[in-house]
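Residue numbers -14 to 224, in my numbering, belong to the letters of the sequence shown in order. Think of the CB as a built atom: it goes at the ideal place given N, C-alpha and C, for glycine as much as any other residue. Worksheet for the structure shown next.
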Amino acid sequence: MSLYFWIILGTIVFPFLLSFDKKIHFYTHWRTIFPAILLVGLFFLVWDNYFAENEIWGFNSRYVQGIYLFRLPLEEVLFFLVVPYACLFVYEVIRGYFPNLKLDLLGRAFAFAMVLSGLLLTIFYLRNWYTLTACSLSTLLIIGIHFRAKARWFNYFALTFLVCLIPFLIVNGVLTGFFTDEPIVWYSENHIMGIRIGTIPLEDIYYNLSMLLPMVLIHEVLLRKRTKKSDLKRVANTD
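Encoded structure:
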């Protein structure tokens, strides 16, 4: 198997096995998790493929299986299933084990920091396609979900995102060549600002936020609808 495939496998194995944990019962959320992943993932696959076609980023054939969907290797397609699954698992674990955390200050600080930095980077790097799209989209999502809609779950999302930064830095470090002679995923220097965390373009943080935040939104909306239906059935059965 390719190195990229081993990374995908290592990312999913523990979240999947722990999905059957007796306290969290993450598998019971699959009805809301997978629609969220598929809906948002499809958008990001199109985005990913467009950038690959225009050589804004690309993939080293040395580290992939050689099976492609358009311009994307199979491993990259799986990335949009595996990474969100793992992050949503962490989100539900934190909510399940720590339901009474006081996170208002953290949520506000996170939102202000991401929006302010996202706006500044968008303005100063208008000509860099990756910087522009990742930073502007993440900024708009936070403004809409946190500041306008005032989603109560956003604070838990902020904590989840910060916790997931640790495995994110490890996985993306491998993908961008921190541990190998050549990167598995390369980026055109013409479309990134050039600021890196090790070998990871800073834009990747905003890109991942743009992917994960709408997934949590859809998951929460579908979960709320399921809860309402269950409550209505319970009332009907009682009557």
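Its Cα nearest to that of Phe95, the residue Phe142 stands out among Leu2, Leu122 and Phe142. At a Cβ-Cβ threshold of 8 Å, Leu57 and Asp33 count as neighbours. Under the Cβ criterion (8 Å, minimum of three pairs), the segment 108 to 123 counts as touching the segment 31 to 46. Rounded to whole angstroms, the separation of the alpha carbons of Arg93 and Ile(-3) is 30 Å. The C-alpha of Val206 lies about 44 Å from the C-alpha of Asp166.
Restricting attention to Pro199, His10 and Phe74, the CA atom closest to the CA of Thr124 is found in Pro199.
Excluding the 5 residues flanking it on each side, Ser173 has same chain C-beta neighbours closer than 7 Å at Glu40, Ile41 and Trp42, in chain order. C-alpha of Arg209 to C-alpha of Val100: approximately 27 Å in a straight line.
Along the length of the segment 31 to 112, whole alpha helix (DSSP H) runs at least 4 residues long occupy 59 to 82 and 89 to 109, reported in chain order.
Ser195 and Asn45 have their C-alpha atoms roughly 25 Å apart. The residue from Gly129, Gly162 and Ile177 with its alpha-carbon nearest to that of Leu111 is Ile177. Straight-line measurement puts the Cα of Phe153 at about 10 Å from the Cα of Ile185. Your pair Val170 and Ile(-8) does not check out as a contact, with CB atoms roughly 11 Å apart and the cut at 8 Å. Closest by C-alpha distance to Gly81, out of Gly(-5), Lys8 and Gly103, is Lys8. Secondary structure at Trp171: strand, using DSSP grouped into helix, strand and coil. Straight-line spacing of the CA atoms in Cys149 and Ile190 works out to 11 Å.
Burial is judged here by how many other beta carbons sit within 10 angstroms of a residue's own beta carbon; Gly103 has at least 16 and is buried. The Cβ atoms of Thr145 and Ile79 sit closer than 8 Å to each other. If you ignore the 5 residues before and after Thr107, its C-beta comes within less than 8 Å of the C-beta of Thr116, Leu117, Cys120, Ser121 and Thr124, all in its own chain and listed in chain order. Pro69 is positioned such that its CB atom lies no closer than 8 Å to that of Gly129. Nearest to His131 by C-alpha distance, out of Tyr53, Ala37 and Asp89, is Asp89.
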